[in-house]
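First comes the structure, then the notes that go with it.
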Amino acid sequence: MLGKLGELNEGYNVLTEMNGQCSDMLMDIGIYKMSNGKEELLFDNKNETAVLLLEGTIRLEWEGMEQVIQRQSVFEENPWCLHVSKNVKVTITALSDSEVLVQKTDNDQEFASKLYTPNECQSVVAGDGVWEGTAQRVIRTIFDYNNAAYSNMVVGEVISYPGRWSSYPPHHHDQPEVYYYRFNKPQGFGCAMVGEDAYRVVHNSFITIPGELDHPQATAPGYAMYFCWMIRHLENNPWNDRIMEEDHKWLLEPNAKIWPEKE
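According to the numbering used here, the stretch in the sequence shown is residues 70 to 332, in order.
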């Protein structure tokens with residue numbers, strides 16, 4: 070499914086809801102648009118929560134801790150992200166006009182709160198030196214099963230270069246996933262494929278990806294595409310790998326020849 074938020078409204082902008090729209094994603098996801106001086110209080114007695122700064126300057130307060138964080142560009146800077154369990158109160162205060170993504174899902178387990186800093190983010194350049202650079206992109210993993218096995222969620226970011234592919238070769242997994250998009254220019258666009266369907270994605274749009282569907286992405290030439298990727302682990306079946314589409318596994322071979330190279 071494709072959703073388009075358009076210009077964000079002041080306050081909370083819904084992407085998915087566990088008990089509402091896109092409930093098959095098993096997550097509450099939304100974006101707070103906060104004007105300077107605005108305060109938001111987050112508290113949930115059932116759900117774990119991730120607070121990801123998209124842009125602006127905010128003060129985070131939780132469990133007697135306080136941290137001012139800033140981000141000017143999702144394209145140029147690694148993320149700050151606060152991750153807390155149920156029953157932890159988080160106060161967000163905007164110290165400038167800011168936009169903050171919040172991801173939640175149910176989790177009975179309580180765990181120590183963690184503020185992931187930009188320096189801690191796992192960031193790699195994928196697709197470098199293969200396929201003539203046509204799938205080169207930056208993949209950032211904030212937390213997943215490897216560093217937060219107690220969580221029922223995964224969150225990360227991708228920067229897809231102009232005219233390149235991402236989530237490639239085509240792959241799938243059992244767990245549901247949501248992509249939220251931003252572009253470096255407001256008129257930027259890309260193509261998101263989910264199974265046999267293709268969608269034109271634009272700034273502040275999102276797609277929902279049911280389990281077991283391949284979901285390759287392409288970015289229009291001239292524009293850089295950002296997407297935040299959010300996965301919900303399944304009970305006794307956490308996400309920790311990608312299942313490549315059989316027809317395209319040959320691309321992973323070390324000496325794969327790409328036209329016009331000769332076989």
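Just so it is clear, CB atoms sit at the ideal spot from N, CA and C, and this is done for glycine as well. As the structure is a computational prediction, the values presented were derived from the model and not from experiment.
Residues near residue 280 by beta carbon distance below 6 Å, same chain, minus five either side: 243, 244 and 245
State the DSSP-derived secondary structure class of residue 229, mapped to helix, strand or coil. strand
8 Å contact criterion, which residue 268 and residue 71 should meet: CB distance rounded: By a beta-carbon distance limit of 8 Å, residue 268 contacts residue 71. Their separation comes to about 4 Å.
Rounded to a whole number of angstroms, what is the C-alpha to C-alpha distance between residue 224 and residue 175? Distance between the alpha carbons of residue 224 and residue 175: 15 Å.
I need the straight-line Cα distance from residue 134 to residue 112, nearest angstrom please. So the alpha carbons of these two residues sit roughly 15 Å apart.
Is residue 318 buried or exposed, if buried means 16 or more other CB atoms sit within 10 Å of its CB? exposed
Would you report the Cα separation of residue 105 and residue 328, rounded to the nearest angstrom? Put simply, the backbone Cα of residue 105 is about 53 Å away from that of residue 328.
Would you call the segment 308 to 325 in contact with the segment 233 to 240, where contact means no fewer than 3 C-beta pairs closer than 8 Å? yes
Check whether the segment 184 to 203 and the segment 269 to 278 touch, using three or more Cβ-Cβ pairs below 8 Å as the test. No, they do not touch.
Inside the segment 181 to 246 only - beta strand (DSSP E) runs reaching at least 3 residues: 183 to 185, 191 to 195, 206 to 212 and 222 to 229
Closest to residue 229 by C-alpha separation, out of 241, 222 and 208, would be which residue? 208
Does the Cβ of residue 323 have 16 or more other Cβ atoms within 10 Å, making it buried, or fewer, making it exposed? exposed
Leaving out five residues on either side along the sequence, give the residues of the same chain with a beta carbon under 6 Å from the beta carbon of residue 250. 270, 274 and 296
Assuming the contact rule is C-beta atoms closer than 8 Å, residue 419 and residue 129 should be a hit. Round their C-beta distance to whole Å, please. Outside the shown range of the chain (70 to 332) lies residue 419, about which nothing can therefore be said.
CA-CA distance, residue 124 and residue 330? C-alpha separation (whole angstroms): 43 Å.
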